[in-house]
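First to last, the sequence lines map onto chains D and C.
Start counting the first sequence at 1; every next residue gets the next number (this note's numbering).
Start counting the second sequence at 1; every next residue gets the next number (this note's numbering).
Glycine included, each C-beta is placed from N, C-alpha and C at the ideal position.
Let me begin by presenting the structure, written as structure tokens, before commenting on it.
Protein chains: 2
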Amino acid sequence: MSDAAAEAETTPRTPRERARAQTIEDIVRLGREHLATQGAAALSLRAVARDLGVVSSAVYRYVANRDELLTLLLVDAYDELGDAVDLAVNAMPPKDHAGRFKALGRAVRDWALREPARYGLLFGSPVPGYQAPAGRTSTPGTRVIYSMIGILDAAYRAGELTTAAPAAVAPSALSADLEAIRDELGLAVPDGLLANGALVWTSLFGTVSFEVFGQYGADTFSARGELFEHHLAVLAKLVGLEA
Amino acid sequence: MSDAAAEAETTPRTPRERARAQTIEDIVRLGREHLATQGAAALSLRAVARDLGVVSSAVYRYVANRDELLTLLLVDAYDELGDAVDLAVNAMPPKDHAGRFKALGRAVRDWALREPARYGLLFGSPVPGYQAPAGRTSTPGTRVIYSMIGILDAAYRAGELTTAAPAAVAPSALSADLEAIRDELGLAVPDGLLANGALVWTSLFGTVSFEVFGQYGADTFSARGELFEHHLAVLAKLVGLEA
DNA sequence: TCATGTCAAGAGCAGTGCTCTCAATTGTTT
DNA sequence: AAACAATTGAGAGCACTGCTCTTGACATGA
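See below:
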């Protein structure tokens, strides 16, 4: 236990370590399947153990407790979403900023509809009694928003944003927050744009959540893809990516 | 069981029925407290029974099962949120459409921050294995959106929306959806406005959810009230309620 | 070869939802 | 007032959960 963090990063050397890593991988894989089919709150270590063909207590050799497995699955899901987003964004030309933004949005929606339970773990109500360890989840958890901010910043630096820029934010506690974000990420975008970016960010996940969580009535919207495309266009305009 | 639905609506007449209604009310009250402090997935009928000073099986005399209690609490929360929104909206002059919209938004945010777990039950990830009975939850569950649409429609009919109206929606499956909504609710607002209204609706809950569910980093935004006000202003502009 | 470290298994505790039976209480009717 | 019937609470019990501890078997590295 001297440096568990360090050893967790190293690739396994001995056969024992490799077997152990393989077992943990199996547990995460089975956990992911259970999570995908039944949801976060229904995730059971005992069920995972059964599928692994092992008695329940044996799982605790590899995973400290249920929360630990939840954290592994959280990181796993964040990374898969991040990969899907990166793939979609990079499939577009670097200069097509609006296209990249829309690709990001569509990738989020597609992944969420494909993996509703895992999406719920990431962006739904918190699991009672579980607090995600910021040190392990913040990096994978910020990939999507960083990607979006990157698109916005690149478009701004290239001078390719609509001149109808959002009104500046008056000096305030909020502008101080925005300043801090700009500094930390080395951004060029002005306050108003950054604040609108935050709205676009939350709006994107709001729309997706409504669809995934079934907040729209069962028969209110049948053309949900079209509705999403409309929303995506409006959001793109909000940050000046489209005219 | 001949007409359970009918008898459920009538006010209790006999002392037995009154005692029974009182007990159910107590169960809902205790359930609400547990829900508020521990969250939906941690709601336990046995814990409620303990607090009620009764053995666990006795609760089943009054509530069919856990899902049934969840439904009662769902309706309870929807109604409380609806009441809070109505109160805030009606505190503004009927002609101050933008003010009424913002009051609605603030009421939603305030209630959500005051009751995070109950908000999570309404707008967070679905409880695994629980499907809300649409017949009992759709009416209380649509109060807020109907209120918002009402504000928008009133402003439109009064001709007090900014002329910079959103682009019309091309004839499509989406426009058919919007047409159906307009017909069913007897609205006057055109397609583009209605579609934007849907975005504003989901965006509002997206922003609130991010704040309530802790999706913002712990220290990314300190001035969350200001950020919300900024977003509210942008959303108001999106539907032409503000210039 | 032998000691060390690792492992799976099993028993067990406390909690959960839910069902069933039984006895007592209560309200209603004769 | 007495008899009846409906309603209720208690308790036992089943199957499930997370988690801990002990025990015995095994493989690894010295």
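**Study point:** Residues near D:Glu229 in its chain [Cβ-Cβ closer than 7 Å; skip 5 each side]
**Key:** Correct list: empty, nothing qualifies.
Practice item. Determine, using beta carbons only, whether C:Ala41 and D:Pro128 come nearer to each other than 8 Å. Key: D:Pro128 sits close to C:Ala41, with the two beta carbons spaced by under 8 Å.
Review point. Nearest to D:Ser125 by alpha carbon, out of C:Tyr130, C:Gln131, C:Ala117?
Key: For D:Ser125, the nearest C-alpha among the options comes from C:Ala117.
**Study point:** Within chain C, partners of D:Ala215 - CB distance below 7 Å
**Key:** For the record, residue 215 of chain D in the displayed sequence is Gln; it is not Ala. For D:Gln215, the chain C residues whose Cβ falls inside 7 Å of its Cβ are Phe123, in order along the chain.
Point to revise | C-alpha distance - D:Asp96 paired with D:Ser147, whole-angstrom precision | key: Cα-Cα distance, rounded: 14 Å.
Review point. Could you give the distance in angstroms between the alpha-carbon of D:Arg18 and the alpha-carbon of D:Ser138?
Key: Roughly 27 Å separates the two Cα atoms.
Review point. Would you say D:Thr14 faces chain C, with C-beta separation under 8 Å as the test?
Key: With a threshold of 8 Å between beta carbons, D:Thr14 makes no contact with chain C.
Check your understanding: Roughly how many angstroms separate the alpha carbons of D:Val89 and D:Gly39, rounded to a whole number?
Key -> Roughly 28 Å separates the two Cα atoms.
Exercise for review: Take the Cβ of C:Glu184 as the centre, count every other Cβ of all protein chains shown within 10 Å, and call the residue buried at 16 or more, exposed below.
Suggested key: Exposed, by the Cβ-count rule.
Check your understanding: Do we get a CB-CB distance below 8 Å when we pair D:Thr202 with the residues of chain C?
Key -> At least one chain C Cβ lies under 8 Å of D:Thr202.
Practice item. State the Cα-Cα distance for the pair D:Arg143 and D:Ala107, rounded to the nearest angstrom. Key: When rounded, the distance between both Cα atoms is 13 Å.
Practice item. Closer than 9 Å by beta-carbon distance: list the chain D residues that pair up with C:Thr207, in chain order. Key: Residues of chain D passing the Cβ test: Ala198, Leu199, Thr202, Ser203, Gly206.
Practice item. Would you mind working out which of C:Ala168, C:Leu52, C:Tyr62, C:Gly120 sits nearest C:Asp191, comparing C-alpha positions? Key: For the set C:Ala168, C:Leu52, C:Tyr62, C:Gly120, the Cα lying nearest the Cα of C:Asp191 is the one of C:Ala168.
Exercise for review: If I'm right that C:Thr207 touches C:His231 with Cβ under 8 Å, what's the distance once you round it to whole angstroms?
Suggested key: Going by Cβ atoms, the distance from C:Thr207 to C:His231 rounds to 5 Å, so yes, they are a contact pair.
Exercise for review: With a threshold of 16 other CB atoms inside 10 Å of the CB of D:Asn196, please say whether the residue is buried or exposed.
Suggested key: Buried, since its Cβ has 16 or more Cβ neighbours within 10 Å.
Review point. Which residues in chain D sit within 8 Å of C:Leu227, going by Cβ to Cβ distance?
Key: Neighbours of C:Leu227 on chain D, chain order: Leu174, Asp177, Ala195, Ala198.
Review point. Which runs of the alpha helix (DSSP H), 4 residues or longer, sit entirely within the stretch 142-190 of chain C?
Key: 143-157, 173-185, all fully within the stretch 142-190 of chain C.
Exercise for review: For my contact list, D:Leu70 and D:Tyr156 are in at a C-beta cut-off of 8 Å; report their separation, rounded to the angstrom.
Suggested key: Their Cβ separation, rounded to whole angstroms, is 38 Å, which puts D:Leu70 and D:Tyr156 out of contact at 8 Å.
Practice item. Please go through the stretch 9-58 of chain C and give each complete beta strand (DSSP E) segment of 3 or more residues, from N-terminal end onward. Key: Runs of the beta strand (DSSP E) inside the stretch 9-58 of chain C: none found.
Practice item. Pull up the distance between the alpha-carbon of D:Leu241 and that of D:Pro94, whole angstroms please. Key: For D:Leu241 and D:Pro94, the distance between alpha carbons rounds to 14 Å.
Exercise for review: Would you give the residue range spanned by the alpha helix (DSSP H) that C:Phe221 belongs to?
Suggested key: Counting along the chain, C:Phe221 falls outside any alpha helix (DSSP H), and DSSP gives it neither H nor E.
Check your understanding: Shorter than 8 Å from the beta carbon of C:Pro126 to some beta carbon of chain D?
Key -> With 8 Å as the cut-off, C:Pro126 counts as an interface residue toward chain D.
**Study point:** Close-in-space but distant-in-sequence residues of the same chain around D:Thr162 (CB under 6 Å, 5 per side omitted)
**Key:** Residues of the same chain with a CB within less than 6 Å of the CB of D:Thr162, apart from the 5 flanking positions on each side, are Gly240, Ala243 in chain order.
Practice item. Tell whether a beta-carbon distance below 8 Å holds between D:Ala188 and D:Asp153. Key: In terms of Cβ geometry, D:Ala188 and D:Asp153 form a close pair [threshold 8 Å].
Point to revise | Distance, C:Gly105 Cα to C:Leu204 Cα | key: Their backbone Cα atoms lie some 7 Å apart in a straight line.
Review point. Does D:Ala112 have its Cβ less than 8 Å from a Cβ in chain C?
Key: No, no contact with chain C.
Review point. Going by the beta-carbon positions, is the gap between D:Ile27 and D:Leu52 smaller than 8 Å?
Key: The Cβ atoms of D:Ile27 and D:Leu52 lie closer than 8 Å to each other.
Check your understanding: Would DSSP call C:Ser203 helix, strand or coil?
Key -> Correct three-state label for C:Ser203: helix.
Review point. Can you check whether the CB of C:Val63 is closer than 8 Å to the CB of C:Ala49?
Key: In this structure, C:Ala49 sits away from C:Val63, with a CB-CB distance that is not shorter than 8 Å.
**Study point:** Under 7 Å from the C-beta of C:Ser222: neighbouring residues of chain D
**Key:** Close partners of C:Ser222 in chain D (Cβ separation under 7 Å): Ala173, Asp177.
Review point. D:Ala4 to C:Gly31, Cα distance in whole Å?
Key: At D:Ala4, the pLDDT of 38 sits below 50, so the modelled position is not reliable and the matter cannot be decided from this model.
**Study point:** DSSP three-state assignment for D:Asp83, whether helix, strand or coil
**Key:** In the structure shown, D:Asp83 adopts helical secondary structure according to DSSP, grouped into three states.
Check your understanding: Where does C:Gln22 land, buried or exposed, given buried means 16+ other C-beta within 10 angstroms?
Key -> Sixteen is the threshold: since fewer than 16 other Cβ atoms of the shown chains lie within 10 Å of the Cβ of C:Gln22, the residue is exposed.
Practice item. Taking 8 Å as the cut-off, decide whether the C-beta atoms of D:Arg100 and D:Ile151 are in contact. Key: Going by C-beta atoms, D:Arg100 is nearer than 8 Å to D:Ile151.
Point to revise | Nonlocal neighbours in the same chain, by C-beta distance under 8 Å from C:Leu199, ignoring five residues either side | key: Result list for C:Leu199: Leu238, in chain order.
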